[in-house]
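Colleague: Under the working numbering, the sequence shown has 194 at position 17, and the numbering climbs by one with no breaks.
Questions regarding the structure given below will be posed in turn.
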Amino acid sequence: MLKVIKLPSGNTVTLRDPKTLKVKDRRKMIEAANEQTGLLQNLSMVDGLIAVLIESWTLDLILPSIMLSSLWELSLPDYDTLAAEVQKIQDFIFTNFDEDKGADSPLDSSTD
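In structure tokens, the structure reads:
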């Protein structure tokens with residue numbers, strides 16, 4: 178299920194359903210984080226997660242899946258809104274699923 182988020186700037190971002198992610202997407206996030214250490218490693222993981230989840234946006238910037246540094250041009254409130262949203266999804270992506278529980282998308286339960 179796609180999710181549209183309105184950013185504080187008034188722009189919108191459409192996130193893809195985490196259930197559609199592939200192993201290659203997870204690897205991109207890990208590779209981005211492994212290039213850094215400490216706090217930058219955590220930020221790189223969040224940036225990588227944002228990049229693989231954004232399907233489209235109304236910002237006049239290249240999508241971060243194409244050019245990750247586009248995220249660095251966002252205002253702090255816009256970036257923080259995206260970071261908070263994708264951190265809800267991080268556990269879903271890096272969890273071993275229990276067959277009995279299933280794997281509900283964290284986007285399914287949102288009221289946005």
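Idealized CB from N, CA, C, for every residue including glycine.
Suppose you measure from the CA of D194 to the CA of Y256; what does that come to, to the nearest Å?
Modeller: Computed Cα separation, rounded: 19 Å.
Colleague: Provide the residue span of the beta strand (DSSP E) that contains L192, from first to last.
Modeller: 189-192 is the span of the beta strand (DSSP E), which, as asked, contains L192.
Colleague: Quick check on G225: buried or exposed, where buried means 16 or more other Cβ atoms within 10 Å of its Cβ?
Modeller: Answer is buried; the Cβ neighbour count reaches 16.
Colleague: For R203, which option in S186, T191, L253, V223 has the closest C-alpha, if you only look at C-alpha atoms?
Modeller: With distances taken between Cα atoms, R203 lies closest to V223.
Colleague: From what residue to what residue does the beta strand (DSSP E) around E174 run?
Modeller: With the chain covering 178 to 289 only, the question about residue 174 has no answer from this structure.
Colleague: Using the rule of at least 16 other Cβ atoms within 10 Å of the residue's Cβ for burial, across every protein chain shown, is K196 buried or exposed?
Modeller: Its Cβ having fewer than 16 others within 10 Å, K196 is exposed.
Colleague: Between which two residues does the beta strand (DSSP E) holding K199 run?
Modeller: It is not in any beta strand (DSSP E) - K199 carries neither H nor E in the DSSP assignment.
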